[in-house]
Amino acid sequence: MTALSVNVNKIAVLRNSRGGAEPSVLKAAETAIAAGAHGITVHPRPDQRHITPEDVDVLARLCRERGVEYNIEGNPFAPARGDYPGLMALIERTRPTQATLVPDGDGQITSDHGFDLRADGARLQPYVQQLRAWGVRVSIFMDAGTPDLALAKALGIDRIELYTGPYAEAFAHGDAAAAAVCARTAAEAQALGIGVNAGHDLSQANLGAFLRTVPAVLEVSIGHALIGEALYDGLEATVRHYLAICRA
Numbered sequence: 001m002t003a004l005s006v007n008v009n010k011i012a013v014l015r016n017s018r019g020g021a022e023p024s025v026l027k028a029a030e031t032a033i034a035a036g037a038h039g040i041t042v043h044p045r046p047d048q049r050h051i052t053p054e055d056v057d058v059l060a061r062l063c064r065e066r067g068v069e070y071n072i073e074g075n076p077f078a079p080a081r082g083d084y085p086g087l088m089a090l091i092e093r094t095r096p097t098q099a100t101l102v103p104d105g106d107g108q109i110t111s112d113h114g115f116d117l118r119a120d121g122a123r124l125q126p127y128v129q130q131l132r133a134w135g136v137r138v139s140i141f142m143d144a145g146t147p148d149l150a151l152a153k154a155l156g157i158d159r160i161e162l163y164t165g166p167y168a169e170a171f172a173h174g175d176a177a178a179a180a181v182c183a184r185t186a187a188e189a190q191a192l193g194i195g196v197n198a199g200h201d202l203s204q205a206n207l208g209a210f211l212r213t214v215p216a217v218l219e220v221s222i223g224h225a226l227i228g229e230a231l232y233d234g235l236e237a238t239v240r241h242y243l244a245i246c247r248a
């Protein structure tokens, strides 16, 4: 079964828009785990527009206590700023199950492309080595159709996370074959011994078709659509709906 990791960034966006502690990122994560989620994902950014370093620490403790996976996403190249100590410092002190390296910047509303390893592979190598030394599984955000899978293998990463934004957009416009390029990339990665995760704009509407087409996806990380759908159906019920899709 494909594992479901619930991204709780959007809960933090709502909290930060008002100030204070509500809605609670911790309670949302507890609810998702109680509903059967296999893990929790956060993507802290230097501008702290949503998840804060304190959130990262609190959720690390929760995931350890509940025995679920913890996935921290972010750009290892982004320097420390103010109360943000940098991605690697957060990972060193919390030791998540997985670190997903993403080439995002402050100017991006959300992650919108994967790494170009021909340009960034050499810079990434020491970060990958350090993460592995800490016992953290390493995943790298990559575009479907990337020509860089052999470079990813040479870096020593454990998994890629397929950027599924283009798939979701094509699916919404009725492109039934939109997942084919993801399927080819997944098969190529798996042939090299690289595991495959997926994430970005996956929803109840498009997840089933994606998983039926793309072979052996180990994990999907879903936040924006899941939290949006939960506004109507409730968080526990929505997580259960996603788990049913993963099982099917």
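In this note's numbering, the protein residues as written are 1 to 248.
Glycine is no exception: its CB is placed at the ideal position from the N, C-alpha and C atoms.
It should be emphasised that the depicted structure is a prediction, and the values quoted were computed from it without experimental measurement.
Three-way DSSP call (helix, strand, coil) for residue i in this model
{"i": "residue 193", "result": "coil"}
{"i": "residue 228", "result": "helix"}
{"i": "residue 18", "result": "helix"}
{"i": "residue 159", "result": "strand"}
{"i": "residue 45", "result": "coil"}
{"i": "residue 37", "result": "coil"}
{"i": "residue 248", "result": "coil"}
{"i": "residue 220", "result": "strand"}
{"i": "residue 262", "result": "Beyond the ends of the chain as shown, which are 1 and 248, falls residue 262; an answer cannot be given."}
{"i": "residue 148", "result": "coil"}
{"i": "residue 25", "result": "helix"}
{"i": "residue 8", "result": "coil"}
Residues near residue i by beta carbon distance below 6 angstroms, same chain, minus five either side
{"i": "residue 200", "result": "163, 164 and 165"}
{"i": "residue 253", "result": "Outside the modelled stretch of the chain, which goes from 1 to 248, sits residue 253, for which no answer is possible."}
{"i": "residue 203", "result": "225"}
{"i": "residue 114", "result": "141, 142, 143 and 163"}
{"i": "residue 58", "result": "26"}
{"i": "residue 295", "result": "The structure shown does not extend to residue 295, since the chain is modelled only from 1 through 248, so no value can be given for it."}
Nonlocal neighbours in the same chain, by C-beta distance under 7 angstroms from residue i, ignoring five residues either side
{"i": "residue 36", "result": "239, 240 and 243"}
{"i": "residue 178", "result": "167, 170 and 171"}
Cβ separation of residue i and residue j, assumed to be a contact under 8 angstroms, to the nearest whole Å
{"i": "residue 125", "j": "residue 88", "result": "Residue 125 to residue 88, Cβ: 14 angstroms. No contact."}
{"i": "residue 25", "j": "residue 8", "result": "5 angstroms"}
{"i": "residue 121", "j": "residue 149", "result": "12 angstroms between Cβ atoms; not a contact."}
{"i": "residue 97", "j": "residue 137", "result": "6 angstroms"}
{"i": "residue 99", "j": "residue 91", "result": "5 angstroms"}
{"i": "residue 160", "j": "residue 206", "result": "In fact, because the Cβ distance is near 19 angstroms, the residues do not count as touching under 8 angstroms."}
{"i": "residue 39", "j": "residue 69", "result": "3 angstroms"}
Sequence-distant residues of its chain with Cβ nearer than 8 angstroms to residue i (five each side left out)
{"i": "residue 13", "result": "49 and 50"}
{"i": "residue 153", "result": "192, 193 and 194"}
{"i": "residue 62", "result": "26, 29, 30, 33 and 40"}
| query | What are the uninterrupted segments assigned as beta strand (DSSP E) that are 3 or more residues long and contained completely in the stretch 58-127, given in chain order? | reply | 69-74 and 98-101
| In chain order, which continuous runs of the alpha helix (DSSP H) of length 4 or greater are located wholly inside the stretch 164-209? | 165-172 and 180-191
| query | Would you call the stretch 185-203 and the stretch 140-152 in contact, with 3 or more CB pairs under 8 angstroms? | reply | yes
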